Amino acid sequence: MLLKGRTVLITGSTAGIGLAAARSFAAEGCNVVLNGIEGEEMGSALAQSIQDDFGTDAFFDSADVGDHHAIEEMFATAINRFGKVDIVVNNAVVRFFGPVEETEPADWDRAISVNLTSAFHTIRLALPAMRKQGWGRIINVSSVFGTLATSDRASYITTKTALLGLTRAIAMETLSSGITCNSVCPGAVNTSRSGSMIDAMVADSGISEDEAKAKFLVGRQPDGSFVESDSVAAMMVFLCGSASGSITGASFPIDGGWTVTSVVGQ
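Read the sequence shown against the numbering used here and you will find it ends at 286, with the numbers running on by one and no gaps.
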C-alpha cells in the first residue's frame, strides 16, 4: 500500500471521478473523507462500502463547499477523527449552460464559489499541517476546458481555467516543503449527463446506442472512447506516491488526445 495511514479529503466524491478517487486511495491504505450534497443516507452508505471493501476508515460529510464555514467545519471533523489531512482533492463542481447574457448572476456566483473558491479554502486549511509535517499533496480537478473553450459554458470554462492558475501559484508557494500541487484535466467522462445526451440522440435519430456514442465522441475525443473515472483516479494516486515528489505545478490531460488535436465538441 503506497499511502497507508494517510488521510485524503475529496470534495464532490459521491459519484464519478470523485468516488473512483476515493476508492483508489482507500485501496492504497488511505483513510477517506467523502463529501457531497446527496444526503447523509447515501453518503454514509458509500463510506461504509469503502470500509468494508478496503479495511480503511471513511466517513461522509455533507458540507456545501460553496460555504466556507461548512468547509471549515468539515476540516475540523476530519482532524478530530483522523488527526490530520494529508491529501486534498478538489473535485466539487457545478455546471450551468447557456449564453453569457442569459446566465443568472446567482448561477455565476455559485459556479465561482463551488468550482474555484472552495479549492482556495480547502488548500488554505490544509497547508499549515502539511507544512508542519513536511508532506502534503494537493490535486485540483480541472478539465480539457481549462485550456480550450466552447460556447455556452462561460462559468465552467472560467473556473476550470482559473484552477490551473491556482495550481501553479500554490506549487510556487510550497516549493522545497515536501508539498506538491498538481492538476488533472479529464476529457469526456461517461457521466449521467452524457448518457442522457446519447439516449436523446437514439430517441431523436433512431440510431443505435453505439452509433449515438460514436457521434457524441467524434468531435470530442479522437480515440473515440470515454475517459474512465478509474484512469483519472490512477493519475491522482500516482501524483501522491513516492515517485512523483518532484512533480509540482503541472497539469495532466487525460482526454484521449482531445487537447492535442484541439478539437472542441459543441
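Yeah, the Cβ is synthetic: ideal placement off N, Cα and C, and Gly gets one too.
As the structure is a computational prediction, the values presented were derived from the model and not from experiment.
query                                                                                                            : result
Among 22, 65, 196, 252, the one whose alpha carbon lies nearest that of residue 203                              : 252
Cα-Cα separation between residue 142 and residue 281, rounded to whole angstroms                                 : 34 Å
Environment of residue 182 [buried if 16+ CB atoms lie within 10 Å]                                              : buried
As assigned by DSSP and simplified to three states, the class of residue 85                                      : coil
Reference residue 150; option with closest CA among 194, 115, 127, 168                                           : 194
Bridge partners - residue 119, DSSP secondary structure assignment                                               : Residue 119 pairs with nothing; no bridge assigned.
Residue range of the unbroken alpha helix (DSSP H) whose run includes residue 148                                : 138-153
Residue 235 burial status per 10 Å Cβ neighbour count (16 or more: buried)                                       : exposed
Candidates 138, 219, 99, of which the one nearest residue 90 by Cα                                               : 138
Environment of residue 41 [buried if 16+ CB atoms lie within 10 Å]                                               : buried
Buried/exposed call for residue 286, threshold 16 Cβ in 10 Å                                                     : Unreliable positioning characterises residue 286 in this predicted model, as indicated by a pLDDT of 42, which lies under 50. A coordinate reading is not provided.
Beta-carbon separation (whole angstroms), residue 208 vs residue 247, contact threshold 8 Å                      : 6 Å
Selected residue, minimal CA-CA separation from residue 158, among 276, 224, 189                                 : 189
Own chain residues within Cβ distance below 8 Å of residue 245, not counting five before or after                : 237, 276
Residue 56, buried or exposed, once every other Cβ within 10 Å from all chains shown has been counted against 16 : buried
Beta-carbon separation (whole angstroms), residue 45 vs residue 52, contact threshold 8 Å                        : 6 Å
Extent of the continuous beta strand (DSSP E) to which residue 200 belongs                                       : 199-206
Top-ranked residue by Cα proximity to residue 31, from 266, 87, 23                                               : 87
Beta-carbon separation (whole angstroms), residue 106 vs residue 27, contact threshold 8 Å                       : 5 Å
Reduced DSSP category for residue 66 - H, G, I as helix; E, B as strand; rest coil                               : helix
Residue 45 - containing alpha helix (DSSP H), residue span                                                       : 36-47
Classification of residue 115 by the beta-carbon crowding that lies within 10 angstroms, buried from 16 upward   : exposed
Alpha helix (DSSP H) segment containing residue 32, residue limits                                               : Residue 32 -> no alpha helix (DSSP H), and no H or E assigned at all.
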